[in-house]
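Engineer: My numbering puts the first residue of the sequence shown at 73, with every later residue one more than the last.
Here's a structure for you.
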Amino acid sequence: MAGVYTHDKLHLGTYGTGDIYSWLPLVAELENSGEAVLAMCEYKGTIYATSENNDMEGQHTRVLKRTPVGWVEAASLKGYAAYFMAVWGEYLIVTTTSDLRSIDYWYSKDGASFVKGSTFVDWLWVPVVFRNELYLLGHSGPAEGPGHSRAVKWNVDGWKEVPALCRPDVVEWQCATEHSDGKLYLGGGGWTLARGTPQAAVYCYDGQTCAQVKTEPSAHECQALLSSKINGYLYATFGQGFKINEGNSRMWASKDGATWLDAGTFEDCPNLYVMLDSPYGFVAAGGKEGNLRAYYFDTQVTPQPTNKCPACGHEY
């Protein structure tokens, strides 16, 4: 469910038991850390991960870090679960919840001492950096809705709503990445509100306006986005949702966010939430409960275009 490539190793965190693996060689580095490891990143030369403890009674959740002797607790945060993280300048950003109805925003300058910033009554659990500014994305209302997509941005006066990203036709922002064209691409659909609702689409935000640029009608959510530095493509994966253990995932690629190329179908792999650059090539990882998978792509391979019949939609 999360991954990072650094220190010449691929590190992957899982959903279900909160395990962490590294590869080359494949090693189980941490087992049963909690329900899930939903985010991993490198911050000031150290790898950090969130541990979704789901401790409603004890209100104790954690940020983990990797050390030469293994994974240890970097910080204990008050809350039911820790979700996503991002590096914003000198800060490590983490989002948590205490009640599944609101989101807490935390920040740290050292990866150990975290300060609780704001509490949002909306489910703004995805931190994203765009043009060196910090955004929090998600949806209005509590974890499982009802609601629609919402976003806020930090400035000197505090958090301000981003009207262009508050769309009634999108149930939730699940993921986002800044592409080399200077625009922010966002994935519609999501784990909390889009279960069973076809919302899989990619949107482009230029700092002023937000427009839909790609849909995948057969999927329920856009699972992940990555602007690859290996070949300059923007990649998007689509699937049915992280609790659905059947079906396929599909990947698309685009240089400009307008023309999309078919980058592959991953059979019997309904969850494909991780995409990474590495020295060995482009990496995608996912799978389903009890069956995890990772895929490498040759850096010289270019996705092939797919033609579609305008009358019936058949691809050839």
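For each residue, glycine too, the CB sits at the ideal point set by N, CA and C.
Is it the case that the Cβ atoms of K255 and A273 are separated by a distance below 9 Å?
Structural biologist: Here residue 255 refers to the residue found at position 183 of the sequence shown. Here residue 273 refers to the residue found at position 201 of the sequence shown. Cβ distance not < 9 Å, so K255 and A273 don't count as in contact.
Engineer: Tell me A296's beta-bridge partners as DSSP assigns them.
Structural biologist: Stepping through the sequence shown from its first residue, residue 296 is reached at position 224. T309, per the DSSP bridge assignment.
Engineer: Drop a sphere of 10 angstroms on the beta-carbon of H251, count the other beta-carbons inside from all chains shown, and report buried for 16 or more, exposed for fewer.
Structural biologist: The residue labelled residue 251 in the question sits at position 179 within the sequence shown. Result: buried.
Engineer: What residues in its chain sit with their C-beta under 6 Å from that of A121, if we drop five residues either side in the sequence?
Structural biologist: Counting from 1 along the sequence shown, the entry for residue 121 is found at position 49. Only G85, V109, M112, L136 meet the Cβ criterion.
Engineer: Closest to Q280 by CA distance: which of K225, H220, T167, G151 is it?
Structural biologist: Start at 1 with the first residue of the sequence shown, and residue 280 comes out as number 208. Comparing Cα-Cα distances from Q280 to each of K225, H220, T167, G151, the minimum goes to K225.
Engineer: Where do the ends of the beta strand (DSSP E) carrying V109 lie?
Structural biologist: Here residue 109 refers to the residue found at position 37 when the sequence shown is read from its first residue. Per DSSP, V109 belongs to no beta strand (DSSP E) and is neither H nor E.
Engineer: Write down every uninterrupted run of the beta strand (DSSP E) in the segment 92-143 whose length is 3 residues or greater and which is fully enclosed by it, in chain order.
Structural biologist: 92-95, 99-102, 112-115, 118-123, 133-139
Engineer: When the distance is taken between beta carbons, is P342 closer than 9 Å to N320?
Structural biologist: Locating residue 320 in the sequence shown gives position 248, where the first residue counts as 1. Locating residue 342 in the sequence shown gives position 270, where the first residue counts as 1. Yes. Within cutoff.
Engineer: Using 8 Å for Cβ pairs, my map puts L149 next to F192. What's the rounded Cβ distance?
Structural biologist: Position 77 of the sequence shown, counted from the start, is the residue given in the question as residue 149. Position 120 of the sequence shown, counted from the start, is the residue given in the question as residue 192. Not really, about 16 Å apart at Cβ, beyond 8 Å.
Engineer: With 16 as the cutoff for other CB atoms within 10 Å, does Y177 come out buried or exposed?
Structural biologist: Position 105 of the sequence shown holds residue 177. Answer is buried; the Cβ neighbour count reaches 16.
Engineer: For the segment 349-358 and the segment 289-307, state whether three or more C-beta atom pairs, one from each stretch, are separated by less than 8 Å.
Structural biologist: yes
Engineer: Buried or exposed: which applies to V373, given that a residue is buried once 16 or more other Cβ atoms fall within 10 Å of its Cβ?
Structural biologist: In the sequence shown, counting from the first residue as 1, residue 373 sits at position 301. Because the pLDDT of V373 is 45, which lies under 50, any placement of that residue in the model is unreliable, and the question is left without a value.
Engineer: What is the residue span of the beta strand (DSSP E) that K225 lies within?
Structural biologist: Reading the sequence shown from its first residue, position 153 is the one you call residue 225. Here the beta strand (DSSP E) through K225 covers 221-227.
Engineer: Along the chain, which unbroken stretches of the beta strand (DSSP E) at least 3 residues long are found entirely within the segment 244-293?
Structural biologist: Entirely contained in the segment 244-293, the beta strand (DSSP E) runs reaching 3 residues are, in chain order, 245-250, 256-260, 273-277, 282-287.
Engineer: Pull up the distance between the alpha-carbon of Y277 and that of I165, whole angstroms please.
Structural biologist: Taking the first residue of the sequence shown as position 1, residue 277 is located at position 205. Taking the first residue of the sequence shown as position 1, residue 165 is located at position 93. Their Cα atoms are separated by approximately 22 Å.
Engineer: Tell me whether L172 sits in a helix, a strand or coil according to DSSP, three-state version.
Structural biologist: The residue given as residue 172 occupies position 100 in the sequence shown. Three-state DSSP puts L172 in coil, outside helix and strand.
Engineer: Below 9 Å between beta carbons: does that hold for G345 and A308?
Structural biologist: Position 273 of the sequence shown, counting from 1, holds the residue named residue 345. Position 236 of the sequence shown, counting from 1, holds the residue named residue 308. Before going further, note that residue 345 is Tyr rather than Gly in the sequence given. Contact flag unset, no.
Engineer: Expressed to the nearest angstrom, what Euclidean distance is found between the alpha-carbon atoms of G336 and D253?
Structural biologist: As a working note, residue 336 is residue 264 in the sequence shown. As a working note, residue 253 is residue 181 in the sequence shown. Cα to Cα, the separation comes out at about 23 Å.
Engineer: Could you name each continuous beta strand (DSSP E) segment of 3 residues or more that falls completely within the segment 321-345, going from the start of the chain to the end?
Structural biologist: 321-326, 332-338
Engineer: Could you give the uninterrupted runs of the beta strand (DSSP E) lying entirely in the segment 178-228, keeping only those of 3 residues or more?
Structural biologist: 186-192, 195-202, 205-211, 221-227
Engineer: Under DSSP, the beta strand (DSSP E) around T86 begins and ends at which residues?
Structural biologist: Along the sequence shown, one-based indexing puts residue 86 at 14. From DSSP, T86 is part of no beta strand (DSSP E); its letter is neither H nor E.
Engineer: Straight-line CA distance for E124 to Q284?
Structural biologist: Translated into the one-based positions of the sequence shown, residue 124 becomes position 52. Translated into the one-based positions of the sequence shown, residue 284 becomes position 212. Their Cα atoms are separated by approximately 32 Å.
Engineer: So, E103 versus R138, is the Cβ gap smaller than 9 Å?
Structural biologist: In the sequence shown, the residue the question calls residue 103 occupies position 31. In the sequence shown, the residue the question calls residue 138 occupies position 66. No, Cβ-Cβ distance for E103 and R138 is not below 9 Å.
Engineer: The beta strand (DSSP E) that contains K232, what's its start and end?
Structural biologist: Your numbering for residue 232 matches position 160 in the sequence shown. 230-233 is the extent of the beta strand (DSSP E) around K232.
Engineer: Can you say whether Y368 is buried or exposed, counting buried as having 16 or more other CB atoms within 10 angstroms of its CB?
Structural biologist: What you label residue 368 is simply residue 296 of the sequence shown in a count that begins at 1. It is exposed - the Cβ of Y368 has fewer than 16 other Cβ atoms within 10 Å.
Engineer: Buried or exposed for H292, please, with buried defined as at least 16 other CB atoms from any protein chain shown within 10 angstroms of its CB.
Structural biologist: Here residue 292 is taken as the residue at index 220 of the sequence shown, counted from 1. Per the 10 Å Cβ criterion, buried.
Engineer: Do the CB positions of A153 and D127 come within less than 9 Å of each other?
Structural biologist: The count along the sequence shown starts at 1 and reaches residue 153 at position 81. The count along the sequence shown starts at 1 and reaches residue 127 at position 55. Yes, the pair counts as a contact, with Cβ atoms nearer than the cut-off.
Engineer: With a Cβ-Cβ cutoff of 9 Å, do V242 and G260 count as a contact?
Structural biologist: In the sequence shown, the residue the question calls residue 242 occupies position 170. In the sequence shown, the residue the question calls residue 260 occupies position 188. Against a cut-off of 9 Å, the Cβ pair of G260 and V242 comes out as a contact.
Engineer: Suppose the cutoff is 6 Å on Cβ atoms and the five residues either side in sequence are ignored; what does the same chain contact list for A223 look like?
Structural biologist: By one-based count along the sequence shown, residue 223 stands at place 151. Cβ neighbours of A223 beyond the five flanking positions: Y207, L209, V234, L237.
Engineer: In chain order, what residues of the same chain lie with their CB nearer than 8 Å to the CB of I119, ignoring the 5 residues before and after it?
Structural biologist: Along the sequence shown, one-based indexing puts residue 119 at 47. Cβ within range, chain order: V76, T78, H79, H83, M112, C113, K137, R138.
Engineer: Strictly by DSSP, which residues pair up with E145?
Structural biologist: Mapped onto the sequence shown, residue 145 falls at position 73. Bridge partners of E145: L136.
Engineer: Using the beta-carbon count (16 or more within 10 Å), is H211 buried or exposed?
Structural biologist: Here residue 211 is taken as the residue at index 139 of the sequence shown, counted from 1. With 16 or more other Cβ atoms within 10 Å, it is buried.
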